[in-house]
Structures are given as structure tokens and as C-alpha cells.
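Residue numbers (full-length UniProt numbering), protein chains in the order written: chain D, 1 to 119; chain E, 1 to 748. Here a beta-carbon is modelled for each residue, glycine too, at the ideal position from N, C-alpha and C. Shown next, in C-alpha cells, is the structure this report addresses.
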């Protein structure tokens with residue numbers, strides 16, 4: 001009987017594990033404008049434990065992520081992105097964090113694709 | 001059951017009352033028709049215009065810091081209407097979200113690009129793309145490096161016109177030459193292999209200076225050259241190229257590509273070249289360039305299913321290449337193996353079959369697998385005067401690679417296994433040499449990048465080879481960015497190989513030299529396997545001046561041989577092969593400047609210094625025919641392309657080659673002596689291309705515009721069966737100034 005409970009327990013854990021995807025894809029918009037922004041955004045994402053893959057596209061501002069849902073969630077990643085000075089739809093960087101980004105990356109004034117002019 | 005969550009939430013509220021001042025806590029529920037309390041896990045809860053946010057847990061509960069700075073709390077979830085609550089004190093919130101059909105954050109089944117993102121690499125890699133390849137209009141892979149300072153092009157011998165490439169002061173056997181990452185120019189094809197890949201088949205070339213990656217084996221010592229060929233899915237539907245030069249060399253290339261099914265494409269690439277005109281401009285009685293014919297047919301199939309992540313290639317190639325060299329009046333039918341006239345024929349047949357398969361895991365773009373299998377059979381029948389040399393080489397190579405990450409994409413690895421089988425059957429005059437080499441190996445390569453300043457690649461492989469033994473091959477590459485637009489690189493690695501002494505040095509058969517194998521009990525022709533350590537440092541600084549980009553690069557590399565099969569031809573009547581005793585090394589230093597001087601006028605210049613020394617019988621000497629100093633200049637100009645692609649492209653290249661030490665010729669009669677060193681000289685090439693439209697262009701060019709030639713490339717030419725005959729001491733072109741023209745027609 002004990003073994004059965006243990007078995008059920010393990011089976012249940014396995015079920016919850018599948019409900020929480022180890023390789024879940026997420027896409028959302030993050031503001032920025034150039035290659036430096038790209039490196040900063042991707043690095044901030046990858047510094048969040050559970051983020052396996054991060055790729056931010058300059059022209060579309062779209063961030064593609066693959067995350068381990070058991071370890072993190074989108075808000076945690078958006079907080080990390082806000083902390084390095086980049087806005088997402090939900091979370092906005094503080095003025096202090098925004099002030100720290102490189103002058104060429106100041107996307108709040110003009111967020112057009114700037115990657116042709118510099119890296 | 002769901003009600004217990006509700007109770008639990010209340011309980012939590014009571015428990016948390018004591019320290020709730022700094023937080024807003026609560027529960028988010030999903031509104032439903034039945035009015036049930038259903039928790040909503042995974043809902044976004046955040047302060048408007050703030051960096052603070054969280055997500056509800058599996059019970060729908062959340063806790064978010066409250067600072068007083070923000071008072072609008074937004075609650076959102078996919079498929080529900082977003083609500084904004086005004087909150088002015090740290091209270092408990094219970095909120096129900098109403099369903100909507102609005103979608104904002106979406107989990108996407110993403111399509112992947114067939115090409116993976118390239119990170120700032122830790123290896124010192126130069127890529128020659130197709131535009132660059134067009135600067136050298138003729139004709140095959142051996143001639144594709146003239147406009148790039150990373151590779152030096154030398155002359156192999158006075159007869160075949162074959163060019164020999166060098167990297168970091170070492171000749172091609174020490175460079176791993178791969179075709180789409182399958183080792184290609186090796187074994188029997190070492191001398192002529194580069195001439196077996198027509199230039200138009202080449203899509204791009206990647207040159208890695210220094211140790212290189214462990215993924216492609218243990219053989220690379222001074223670097224790797226990888227060639228990517230054109231692919232049926234991306235190449236032109238129809239491509240035709242014709243070329244002719246004033247010395248009677250004609251080349252034709254045709255590509256035909258067709259999509260045969262949704263996921264299948266095929267390409268048929270046919271190359272033919274011919275020279276039937278006898279050229280002897282220096283009037284030494286010897287052909288300046290071979291009478292030659294080549295037919296090269298390649299059929300390639302590509303399978304691509306981007307949605308599922310599969311890509312595959314199948315290829316079959318057949319080559320037949322015949323050359324005749326020697327005295328102008330030599331007729332093979334009547335004069336072969338006689339003293340009527342000195343001549344040589346080199347006839348090659350080669351079959352290649354290859355298959356590649358790659359799979360990228362659809363939900364994990366960072367994880368992939370690749371399998372390559374290649375089979376080739378190379379048969380060369382040749383004679384040089386009275387010296388007969390036949391070689392047959394069958395080779396099977398397979399490599400399985402798995403790529404993935406450790407944690408996240410800043411830490412990646414490649415691991416896999418390699419299997420190689422080579423069967424050699426050689427006839428050197430009357431002596432048979434048969435050999436089978438088998439090896440199996442496993443590798444692991446780890447790569448780290450912090451996305452900004454630092455990246456490194458560290459690899460190790462262990463191989464078990466029936467002649468080289470069981471051994472480890474470590475390789476390390478590091479890149480550091482000390483400041484903006486700069487890159488400092490270091491590399492270290494060990495390489496090993498079995499020297500195919502005859503195939504690599506077959507030019508020495510075209511001389512009166514006696515071959516001496518000063519061998520012992522080693523496993524390869526009685527010699528020990530070659531082993532060398534390579535390390536280097538390089539620095540690259542990019543800049544923008546007057547609005548145009550440029551860069552300056554410096555690099556230093558050293559290759560130190562632990563063992564080498566030394567080819568000593570210091571004595572003009574002999575060639576002595578022996579295991580290295582003492583020192584052997586190659587130091588190379590290069591400084592390079594690239595800058596767009598005026599809009600669309602590119603300027604590229606480099607100075608190179610080589611100290612390549614080996615302990616010969618007469619002591620430590622600079623390797624013969626290796627210039628210590630070389631200077632390179634390339635200027636390219638293109639006009640602004642019109643809408644239909646019409647433009648002019650112009651290109652000029654200068655190579656200055658410093659003095660080269662010559663092997664001793666003192667025992668020869670006075671008029672056959674060459675002195676200690678060659679004169680230094682300059683070579684100039686130029687080309688103009690007129691592009692009429694995206695479909696059609698013509699080009700016209702000249703090689704060796706200063707008309708510099710070596711006076712006496714064939715020593716003892718008037719008595720080729722006498723003691724002074726030698727065609728191996730070649731330090732300069734044999735062909736003088738030469739003009740060529742050609743066209744390219746493309747249809748998409």
C-alpha cells in the first residue's frame with residue numbers, strides 16, 4: 001500500500017512536471033533600438049535562472065525566449081529586463097535604470113532600428 | 001476542492017497580517033458563468049509604469065512589494081480583460097478577471113531560420129564570401145586565395161602550374177582542408193586536390209588561423225580551410241560561366257538547379273577545362289603549362305523541412321583529370337619511358353559520395369544533431385620521366401555531432417564521434433607501399449560567451465588510430481574585448497598526422513634526385529607520425545574614420561614540431577626523408593590594414609614575416625623556397641549599382657615576395673647554379689568586371705602584369721636525363737603576362 005501511494009505520488013509529480021514545460025517558448029515585445037541593446041537585453045534574460053535561450057530582434061523588438069517554467073516566469077524576466085533599463089508592455093524601467101544605458105540606446109526618444117549606424 | 005484555495009487564501013491573509021505593511025497580497029480568480037471560485041495561476045500582476053511585477057502561483061496567489069510610489073496595480077492574463085486597480089495602502093486583494101477574446105502575449109510555434117546565429121567567435125576566422133571570390137576570376141579553389149593575405153600562394157613545380165598554398169608559413173599538408181566540414185584535400189589528393197574544386201562551385205570559404213576546432217579531427221596544425229559549396233535551394237536556377245585565356249586555357253561551368261518537390265531540390269554542376277595549346281615562351285624546350293583536360297560532374301540533392309527542423313544533403317561527384325607536361329616535342333605514345341624526350345603524364349580519376357543530415361530540435365533551437373558520411377576513391381596513375389608513381393586511395397569518413405547547451409545559451413557544447421578509414425595502395429617505381437589507416441575518436445567541445453567581452457572554446461578529443469596510437473588532442477581559443485571595436489584572441493592546440501611522403505612531395509619525382517628513405521621502425525613508411533603544437537595571439541581593432549569603416553589587425557603564431565618527417569633536398573642529387581632530429585618551427589607575424597579609403601574604394605594591405613626553420617643534415621635552416629618577407633596590397637572599387645544591378649567592379653592586387661632561400665646547387669655545373677637566394681619580386685593582377693544586369697556580366701583581367709618570370713625554372717633543360725635536371729626549384733611564375741576574359745550568365 002505504501003508503495004502504491006509512493007507510486008501515485010511520483011506519477012502525480014511527473015504530471016505536474018509535464019504541465020510545467022521545461023522548454024516553453026515565450027515571445028513578447030521589449031523596447032530598444034540597437035545591437036548594444038540586444039546584448040544587454042539578452043544578457044539580462046539569460047542571467048535569470050531558468051532562461052535557456054534569449055534572442056531579441058532589433059527591427060521588430062520581439063524577444064524570443066525558451067524557459068524552464070519550473071524555475072521562472074515571464075514577469076521575473078520582465079523585471080530583470082526593466083532592471084537593466086528596458087521597458088516591456090507591463091513593466092517600465094525606473095528613471096535611474098534608464099539613465100544608465102548608453103546614450104546611443106535611448107529608445108524612449110526614438111526607438112527606430114539603429115543597427116545600421118553602429119553596433 | 002477549489003474552495004480550499006479560497007479558505008487557504010484567507011488563512012494566509014490572517015497569518016500575514018503581522019508583516020503585511022510592505023506588500024500587497026491576494027488572489028486572482030477566473031470569472032465564470034457558474035460563479036465558482038477558480039484560481040487563476042500564471043496571471044500577471046504589476047504596478048503600472050514600474051519595474052515591479054509578479055505572477056500568481058498555482059493557487060492563484062500573489063505577493064507584490066508595495067512602496068507607495070505606484071498606486072495602479074494591473075492584473076492581466078491571456079484571454080482575460082486586463083484590470084487596473086487603484087491601491088493606496090498595503091491591503092489584501094481578491095480580484096476576478098473576466099474572460100475576453102483578446103490575445104496579447106502569445107506562445108508561438110516559431111519557425112526557425114535555417115541559419116543559426118553566429119556569435120562573436122573565439123576563433124580567428126576570416127570568411128571569403130562569393131563577392132570576394134569573384135575578384136579572382138579563375139578558376140579553382142587553389143586560385144581563390146590571391147586576394148586574401150591570410151593565405152600565401154606558392155608554385156609547386158616548374159611543370160604542372162599547380163599552386164601550393166601556405167598558412168602561417170606551413171604548406172597545405174599542415175592545413176586541414178575540408179569541404180563542408182568533411183576532410184577533402186588529404187592523402188592522395190594533397191598536391192592537386194585544390195584544383196579539383198571549380199571556383200564557381202564555391203559559395204564561401206572560412207579560414208581559421210591557428211589550432212582550429214576538435215570537431216573536424218586531429219589533423220589540423222597551422223589552421224583550417226573550410227569550403228561551403230553552392231546549394232540547390234539557394235543557387236541560381238541556371239548559371240553559365242565561360243573563360244578563356246591567351247595561353248589557350250578554356251573553362252566552362254554550368255549549374256542547373258531545380259526544385260523537384262516541396263522539400264527536395266537538386267543541382268547538377270558540370271565543369272570542364274582544357275588546354276591543348278603548347279606554350280613555351282621561355283624557350284627552354286619545356287611546356288610552361290601542362291596540356292590538360294578535366295571533366296568534373298557533381299550532382300547534389302538537398303532536403304529541407306524547416307518546420308520540422310530537418311536538412312539533408314546527398315552528393316555524388318565524378319572527376320577525370322589528365323595532364324601532360326615535359327618537353328614540347330614529347331609524345332606519350334612513342335616517347336614514354338624512353339630517352340627520346342622527357343615527359344610526364346598525371347591521370348587522375350576520383351569518385352566522391354557524401355551524405356549529410358542535420359536535425360534541429362523544433363522546440364529547442366539551441367539543440368541539434370548532425371551526421372556526415374563521405375566516401376571517396378582517388379586513383380592517380382602517373383610517371384615523371386622514368387619515375388613511375390601510382391596511388392590509389394579509398395577513404396571513408398563519418399562524423400556524428402550533437403550540439404546543445406548547459407543551462408543557457410551562454411554555455412554550449414558539441415560532442416560526438418568520428419570514424420575514419422583510409423586505404424592506400426602506392427607504386428613508387430618498382431616498390432609497392434600498401435597501408436590501411438583506421439581511427440575512431442570521440443570529442444567534446446565547450447564554448448562559453450558572456451555575450452559581450454569574453455568568449456572561449458575549449459575542446460578535447462581522444463582518438464585511437466592503428467598507426468598513430470591512442471592520444472588526446474586539446475584545443476583552446478579565447479577572445480576578449482578590452483574596449484569597443486577591439487578583439488584580442490589567443491589560441492593553443494596540438495595536431496597530428498601521418499605524412500604521405502610521396503603524394504605530398506611528388507614534384508620531386510620530376511628531377512634527377514635519388515629518393516632516400518632514412519627511416520627506422522616507425523609505422524608510416526618507417527617514419528613516426530608528425531606532431532606539432534601551435535599557439536598564437538592576435539589583435540583586431542575596428543575603427544570608423546571620415547564615416548567609413550576600417551580595421552587594423554596584428555597576429556603572431558608559432559608552430560613547434562615535436563616530430564616531423566623532414567624532407568631534406570639540400571643536396572641536389574638527393575631527397576632524404578627522415579624523422580626530425582633537433583628543432584623545427586614556424587613563426588609567423590602579420591600586420592594588416594583594411595579601410596574604405598573613398599566611398600566604395602576598398603584598400604587592403606598586409607605585411608607578413610615568416611621564420612620557418614628546420615634542422616636539416618646541414619643544420620638549422622630556413623625552409624627552402626619560403627620568403628621571409630611578403631607584402632600584399634589589394635584595391636577594389638565598385639560603382640553604385642543601378643536598379644537592375646548594373647555596375648562596374650575593378651580590382652587590383654600586388655604581391656611582393658622577398659628573397660627565398662634556395663636549396664644548394666653548388667655541385668651542378670656553373671651555368672646551372674642558382675645562388676643562395678632568389679631575387680625578390682613583385683606580381684600584379686588586375687581585373688575589370690562590367691555587370692550589365694543581375695543576369696549577365698563580363699570580365700577581363702590580366703595576371704602577372706609586370707611580366708616577371710623565373711629565368712631557368714627547369715635546370716638542365718637541355719639534358720633532362722643528365723645529372724643536372726631539376727624542376728623542383730621554382731620561386732617565381734613561369735608564365736609571363738597573361739590576359740583572360742570571361743562571362744557569367746545567371747537565371748533565377
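CA-CA distance, residue 504 of chain E to residue 190 of chain E, rounds to 6 Å.
Unbroken beta strand (DSSP E) runs of no fewer than 3 residues, entirely contained in the stretch 261-335 of chain E, are found at 264-275, 291-305 and 310-326, following chain order.
Ranked by how close their Cα comes to the Cα of residue 74 of chain D, the residues D/37, D/51 and D/33 have D/51 in first place. Listed in chain order, the non-local C-beta contacts of residue 259 of chain E below 7 Å within the same chain comprise 265, local neighbours out to five positions each way being set aside. Distance check between residue 558 of chain E and each of E/681, E/91 and E/532 places E/532 closest, using alpha-carbon atoms only.
Interface with chain E (7 Å Cβ-Cβ cutoff): residue 30 of chain D is excluded.
Among the bridge pairs identified by DSSP, residue 22 of chain E is matched with none. The beta carbons of residue 510 of chain E and residue 727 of chain E sit closer together than 7 Å. In this structure, the beta-carbon distance from residue 314 of chain E to residue 747 of chain E does not fall below 7 Å. Apart from the 5 residues on each side of it in sequence, residue 233 of chain E sits with its Cβ closer than 7 Å to the Cβ of 265, 302 and 304 in its chain, given in chain order. Shown here for residue 316 of chain E: same chain residues with a beta carbon closer than 6 Å to its own, the five before and five after excluded, namely 299 and 353 in chain order. Contact annotation: the stretch 156-171 of chain E does not touch the stretch 121-139 of chain E, with fewer than three C-beta pairs closer than 8 Å. The contact set of residue 53 of chain D on chain E, defined by CB atoms closer than 8 Å, consists of 364, 365, 366, 405, 408 and 409 in chain order. Within chain D, the residues whose beta carbon sits less than 7 Å from that of residue 53 of chain E are 75, 78, 79, 90 and 91, listed in sequence order. With 16 or more other CB atoms across the displayed protein chains lying within 10 angstroms of its CB, residue 395 of chain E is buried. The residues 31 and 93, in chain order, have a CB closer than 6 Å to that of residue 87 of chain D in the same chain once the five nearest residues on each side in sequence are set aside. For the C-beta of residue 50 of chain E, the chain D residues within less than 7 Å are, from N- to C-terminus, 91 and 92. Here the stretch 381-396 of chain E makes no contact with the stretch 405-413 of chain E; the two share fewer than three CB pairs at distances below 8 Å.
The C-beta distance from residue 534 of chain E to residue 541 of chain E rounds to 24 Å, too long to fall under 8 Å, and the pair is not in contact.
Annotation for residue 58 of chain D: no alpha helix (DSSP H) segment contains it, and DSSP assigns it neither H nor E.
Per DSSP, the continuous beta strand (DSSP E) segment holding residue 354 of chain E begins and ends at 343-360. Judged by DSSP in its simplified three-state form, residue 673 of chain E adopts coil rather than helix or strand. Neighbours of residue 452 of chain E across chain D, judged by C-beta separation under 8 Å: 39 and 43. DSSP places residue 443 of chain E outside any alpha helix (DSSP H); the residue lies instead in the beta strand (DSSP E), whose first and last residues are 431-449.
Beta-bridge pairing by DSSP links residue 648 of chain E to E/690. For residue 406 of chain E, the enclosing beta strand (DSSP E) starts and ends at 387-406.
Taking the C-beta atoms as reference points, residue 363 of chain E is found nearer than 7 Å to residue 23 of chain D. For residue 595 of chain E, the enclosing beta strand (DSSP E) starts and ends at 584-598.
With a cut-off of 8 Å on Cβ pairs, the stretch 692-703 of chain E is not in contact with the stretch 663-678 of chain E, counting fewer than three such pairs.
From the listed residues E/207, E/187, E/228 and E/597, the smallest Cα separation to residue 180 of chain E is found for E/228.
The beta-bridge partner set that DSSP reports for residue 201 of chain E is empty. DSSP, read as helix, strand or coil, puts residue 713 of chain E in coil.
A direct Cα-to-Cα measurement between residue 578 of chain E and residue 736 of chain E gives close to 37 Å. Of all residues in the stretch 72-85 of chain E, only 74 and 76 come within less than 9 Å of chain D when Cβ atoms are compared, listed by chain position. Within chain E, the residues 408, 409, 410 and 451 have their CB atoms less than 8 Å from the CB of residue 46 of chain D, given in chain order. Taking C-alpha positions only, residue 49 of chain D is separated from residue 77 of chain D by approximately 9 Å.
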